[in-house]
Each structure stands twice: as C-alpha cells, then as structure tokens.
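Visitor: Structure incoming, see below.
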Amino acid sequence: MTTATGTFAPRPGAAPLPRMIRAQAALETKMLLRNGEQLLLTVIIPTLLLVLFSAVRIVDTGAGKPVDFLAPGVLGLAVLSTAFTGQAIATGFERRYGVLKRLAASPLPRWGLMTAKTCAVLVTEALQVALLTVVALALGWSPHGAATFSGVLSVVLLLLLGTAAFSGLGLLMAGTLKAEATLAAANLVFLLLLVGGGVIVPLDKFPAGAQQVLQFLPISALSDGLREVLQHGAGLPLADLGILAAWAVLGLGAAARFFRWE
C-alpha cells in the first residue's frame, strides 16, 4: 500500500467520542468487578444480609414475610454500596495516585470520564439487582408492583435518582478528602445508613424526633419508595422521588463545584 508523503495509514488521531466512552466504561466495569473488596461490599454483604434477616427474625419487620420488607431495602443498599461507597473509595485512590490527572490529559474529556464511571456503576447495579431479585424470589418474595408498567417505571426512576444522588455524594467525598479519609468516611457512612436508613430496621422503631430527620436521608427515601411500590403496590412515590432529586442536584452540583482532580 502506498501513501502520499506526509500521510499515515491508519490515520492518527483520537477515536470518536462515543467509542472512547464505551471503551472507558468497559474498563471501569472490569476494574469494579475484579476488585475483591468492592465485590464483597457490593454483592456479598447485601446478599448475606437479605438471606440472614429473611431466615431469622432478628428485627421485627411488621406483618407479613420478612423478605417482603427486606428485599426493597436491600436493593436500595446495593445502590448505596456501588454508587456511593465503592465509587468514592475507588475514585479517591485514583485521585491520590495521579490516575485521574493522567486520564484528564487524554483525548477523553473529563465529563466523558465521569459518564464512563456512571455507566460502569449502572452496569454493576443491574447485575446486583438481578442477583438480589433471584435470591429474594427464592426466599419467597412477592413483589406486588413489579407486574405493572407504572410499578416498573417507578422502580427504575427510584434507582436512577438514587444512583445520581449517591454518585454525587461519593464523588464529592472523593474529590475533597484524602484517600485514607475517604476510605474511612465512606465505610462509616455506609454502616450508619445501613442501620439508620430504614434498610433493615423500620424507621418507625426509632424515636419520633429521629424519624423526622431520618426520613429525609437519600437511603431512607430510596428504601421507602421501593417498599411502597414493591411491597404495598402503591403508585409513583412522588415525595420520595422529590427527596432523591433534591439530593441528586445538591450532590452533583457540589461535586462539580468542589471536585479536585489532583
């Protein structure tokens, strides 16, 4: 093959933007799934909690089968573990070791990198939701709202807004704190929200004053919204969606404003 002087074959230059985002998203997904600690946090812990608390009545979850109460909350916990805790820790150490600084100098724009990370989070969450749904069904779960289009739409909206809210908070933490501080803070927040976010322990078990505060946490809104749809067959949970939307706007806005790449 002959080429004119001064030309190259193949032609040098950056790949199309969609292809770069897809390639980065695939890499981010592989890194997430290959990380043993992240796999423990995002898959094994939620699954074990679902099985343990469904099989043994450690906590009074009210009338009905425990799994009917627990499954929606554990689905919310899966979003928290991936979009917030896992992403905050991974991004914090990438920032510390200069990975983000080097990626920011590549042809992939910074917003493209964040888009790829978000896609990786969504792929991981889809795998989590599929696994937890199978386990919950095997334990006797009967999701009431999953059989209607409005119910499915409500669940998807809740999961997407929950992902946006937790991603914003996770990126804000990773972009402002040192990696070691992010590791400690993200795990601490995970544990606190697990206990006080209505995931395993119903919010009505807390004092009335505490309930007034806890109900506005993003994990509480996500768990409550999923429970209203999947356990009680309710329609679109507008109040919970509004809380999640507010957290998403605040978290993503603050992350965009204060995130430091190095």
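Quick note, the sequence shown lines up with residues 2 to 263 if you use my numbering.
Idealized CB from N, CA, C, for every residue including glycine.
1) In chain order, what residues of the same chain have a beta carbon less than 6 angstroms from the beta carbon of residue 118, not counting five sequence neighbours either side?
2) Using CA atoms only, rank isn't needed, just tell me which of 33, 116, 86 is closest to residue 182.
3) Output the boundary residues of the alpha helix (DSSP H) element that contains residue 173.
4) Report the CB separation of residue 120 from residue 26 in whole angstroms; it is logged as a contact under 8 angstroms.
5) Quick one: using the 10 Å Cβ neighbour count with 16 as the cut-off for buried, is residue 32 buried or exposed?
6) Look up residue 347 in the DSSP assignment and say whether it is helix, strand or coil.
7) Measuring CA to CA, which of 17, 236, 89, 101 is closest to residue 151?
8) Looking only at C-alpha atoms, which of 201, 194, 233 sits nearest to residue 214?
9) Using a Cβ-Cβ cut-off of 8 angstroms (strictly less than) and excluding sequence neighbours within five positions of residue 263, which residues of its own chain qualify?
10) In chain order, which beta strand (DSSP E) runs of at least 3 residues are fully inside the stretch 28–58?
11) Taking DSSP as the reference, what is the three-state secondary structure of residue 63?
12) Flag this pair as yes or no: are the beta carbons of residue 126 and residue 92 separated by less than 7 angstroms?
13) Quick one: what does DSSP say residue 68 is sitting in, helix, strand or coil?
14) Go to residue 232, then tell me how far its alpha helix (DSSP H) extends in each direction, as first and last residue.
15) Considering just the uninterrupted stretch of the alpha helix (DSSP H) at residue 191, what are its terminal residues?
Guide: Taking the coordinates as given:
1) Here residue 118 has 29 as same chain residues with Cβ atoms under 6 angstroms from its own Cβ, once five neighbours each way along the sequence are excluded.
2) The residue from 33, 116, 86 with its alpha-carbon nearest to that of residue 182 is 86.
3) For residue 173, the enclosing alpha helix (DSSP H) has its first and last residue at 150–177.
4) Correct: roughly 4 angstroms between the Cβ atoms.
5) Counting Cβ neighbours within 10 Å, residue 32 comes out exposed, since fewer than 16 surround it.
6) Only positions 2 to 263 of the chain appear in the structure, and residue 347 is not among them; the question remains open.
7) Checked all of 17, 236, 89, 101; the closest Cα to residue 151 is 236.
8) It is 194 whose Cα lies nearest to the Cα of residue 214.
9) Closer than 8 angstroms at the Cβ level, and outside the excluded window around residue 263, lie 96, 99, 101, 102.
10) When DSSP assignments are scanned along the stretch 28–58, no uninterrupted stretch of beta strand (DSSP E) that is 3 or more residues long falls wholly within it.
11) Coil at residue 63, not helix or strand.
12) Not closer than 7 angstroms, so no.
13) Residue state, collapsed to three classes: helix.
14) Unbroken run through residue 232: none, as it is neither H nor E.
15) Unbroken alpha helix (DSSP H) run through residue 191: 180–197.
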